[in-house]
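**Q** Just so it is clear: in the sequence shown, position 118 is 128 by my numbering, and no numbers are missing. Each residue gets a CB set at the ideal place from its N, CA and C atoms; glycine is no exception. The model shown is predicted, which means the values in this text are computed figures rather than measured ones. One structure coming up, written as C-alpha cells, with questions to follow.
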Amino acid sequence: MKLFTQRLRLREYVESDVHETHMWRCDSRYLEHYAEDGFERSHTVELIERFIGWQTERPRRRWQLAFERLDTGQLIGSGGVRRSGEEGRADIGYELHPEHLGAGFATEGMTRLVRFAFAEAGLALLTAQVSQANLRSLNVLERLGFQCAEELPAGRGPDGKLWPDRFEFHLESSPTLRKATPADSDFAYEVKKAAFRGYIEQAKAWDDADQRRQHERRFAEQEFQIVMWNSMPIGVIAVVVEHAYLKLNQLFIHPQRQGMGIGGHCLAMVLDRARGLQLPVWLQCMKVNPRAVAFYVRHGFRVTGDDETHLSLESA
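Next up, the structure:
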C-alpha cells in the first residue's frame, strides 16, 4: 500500500528499513519524551518484523507506514493506525527523525493518514497519546483537530514503551449539524470566503463588500446549518426547500478540514432529508471547480444542464 502527499510517500515497511529507523530511535532528541534510555538494535528489528507481519492480516487491522521524502527518497519517520478491540476505533501515532522536525512533515503525513483512517479504513474514532511535555506533537494533534479527552499518569503507552505523564486525544469522523444563529453569520461568511474565493477569482475579481452583502441577504432568507466536528464549527450548509426539489445552495468545509470525508458525511445528511421529503436535491457548481463537480457525481448526482459559468446537477 502507498499513500502520497505533496512531499511524502507513505509506504509499507521492508526489512532494509531497520538501519535508518534505528538511527532516529537512538537519538537523544527522540528519546527526550520517553522514560527509557534507549533501544537495542534487536528491538528495532523485532518492531519492523511486527510491522511487516501486519501487512498479511486479513482483514487488516493495523498499519505502520514509513514516511519517505519524495525529493531524496530518505526514510524520515513513520505513522501508524492500529485498531483496538472496540469496533470502529483505532490508535494513531507517528515518530519522526529529529533532523526533520519543524518542517511540517509530521502534520503533512498524519493528515494523509487520518484521511486514510476515516475515508478508506472506515473508522469512526481515532485516539492518540502524547507526553504532556511534547509540545511539538501536541501542536500537531491540535492542527489535525484532535481534542484532549483524558490526562493519564506515567506508564506503558500503546506502543509498549514507558511513557511519562501524558494526554489522550480523540478525533471523531462523523460531523453533526446544528441550526445557525445570527451569531454564526460572520463564521459562515469566512468559511465561504476561505473555500470559494479562489474559484470566484477565476471568473471575476473578488469584491468583499458585495460578497458580504450577498451573504447577509442569503443568511437571512435561507436555512443555514453549521457543520460541527469534534465540538468545533468547521463548515456551513445552506438549503431551500422548494416545490420540486431541495435546493442545496452551499456546502462549504473549511480548507483545513477538507479531504477527510467530512463533506461526504454532510452530503449524506442532506440526501437523507431530501428522501424524507420525497424530493431530489438540486444544486449548481461553477465550471472552474471540477473537484466539486467530481465530488457530487461520485455521490450519485448527474448533470442536468449548464450555462456560461455553471453546471446544474440533480441527485438520482
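Measure the beta-carbon distance from Ala284 to Val291 and round it to whole angstroms, keeping in mind my assumption that it falls under 8 Å.
**A** Between Val291 and Ala284 the Cβ distance is about 5 Å, and since that is below 8 Å, they are a contact.
**Q** Assuming Gln212 and Val298 make a contact with CB atoms under 8 Å, what is their CB distance in whole Å?
**A** 4 Å
**Q** Quick check on DSSP: helix, strand or coil for Asp316?
**A** strand
**Q** Report the residue from Ala129, Arg176, Gly245 whose alpha carbon sits nearest the alpha carbon of Ala138.
**A** Of Ala129, Arg176, Gly245, the residue nearest in Cα terms is Arg176.
**Q** Strictly under 7 Å for the Cβ-Cβ distance: is Gln157 near chain D by that measure?
**A** This model lacks chain D altogether; it includes just one protein chain.
**Q** Please state the DSSP three-state secondary structure of His53.
**A** helix
**Q** Return the CA-CA distance between Arg79 and Leu85, expressed in angstroms with no decimal places.
**A** Computed Cα separation, rounded: 7 Å.
**Q** Who does Gln142 pair with in a DSSP beta bridge?
**A** Beta-bridge pairing links Gln142 to no other residue.
**Q** So Lys257 and Val249 are supposed to be a Cβ contact under 8 Å. How far apart are they, rounded?
**A** 6 Å
**Q** Do you know offhand how far Ser52's Cα is from Gly165's?
**A** Put simply, the backbone Cα of Ser52 is about 23 Å away from that of Gly165.
**Q** In three-state terms, what does DSSP make of Phe305?
**A** Residue state, collapsed to three classes: helix.
**Q** Check whether the Cβ atoms of Arg35 and Phe49 lie closer than 7 Å to each other.
**A** yes
**Q** Just mark Val313 as buried or exposed, buried being the case when its beta carbon has 16 or more other beta carbons within 10 Å.
**A** exposed
**Q** Note the first and the last residue of the continuous beta strand (DSSP E) segment covering Arg72.
**A** Its beta strand (DSSP E) spans residues 72 to 79.
**Q** Buried or exposed, going by whether 16 or more other CB atoms sit within 10 Å of the CB of Thr121?
**A** buried
**Q** At which residues does the alpha helix (DSSP H) containing Gln221 begin and terminate?
**A** Note, Gln221: alpha helix (DSSP H), 218 to 231.
**Q** Which residues does DSSP list as the beta-bridge partners of Cys295?
**A** Leu321
**Q** Name the two residues that bound the continuous alpha helix (DSSP H) containing Cys158.
**A** Segment 157 to 162 is the beta strand (DSSP E) holding Cys158; no alpha helix (DSSP H) there.
**Q** Taking the beta strand (DSSP E) that His180 falls in, what are its first and last residues?
**A** 176 to 182
**Q** Measure from the alpha carbon of Thr31 to the alpha carbon of each residue in Arg207, His43, Thr54, then state which is nearest.
**A** Thr54
**Q** Look at Pro108 and Asp37 and say whether their C-beta atoms are less than 7 Å apart.
**A** yes
**Q** According to DSSP, is Val91 helix, strand or coil?
**A** strand
**Q** With a threshold of 16 other CB atoms inside 10 Å of the CB of Arg93, please say whether the residue is buried or exposed.
**A** Counting the other CB atoms within 10 Å of its CB gives Arg93 a total of 16 or more, which places it among the buried residues.
**Q** Find the nearest neighbour of Arg188 within the set Trp73, Leu123, Leu148, Cys276, judged by alpha-carbon distance.
**A** Relative to the Cα of Arg188, the nearest Cα in the group Trp73, Leu123, Leu148, Cys276 belongs to Cys276.
**Q** Nearest CA to the CA of Gln16: which residue from Glu118, Ala129, Leu261?
**A** Glu118
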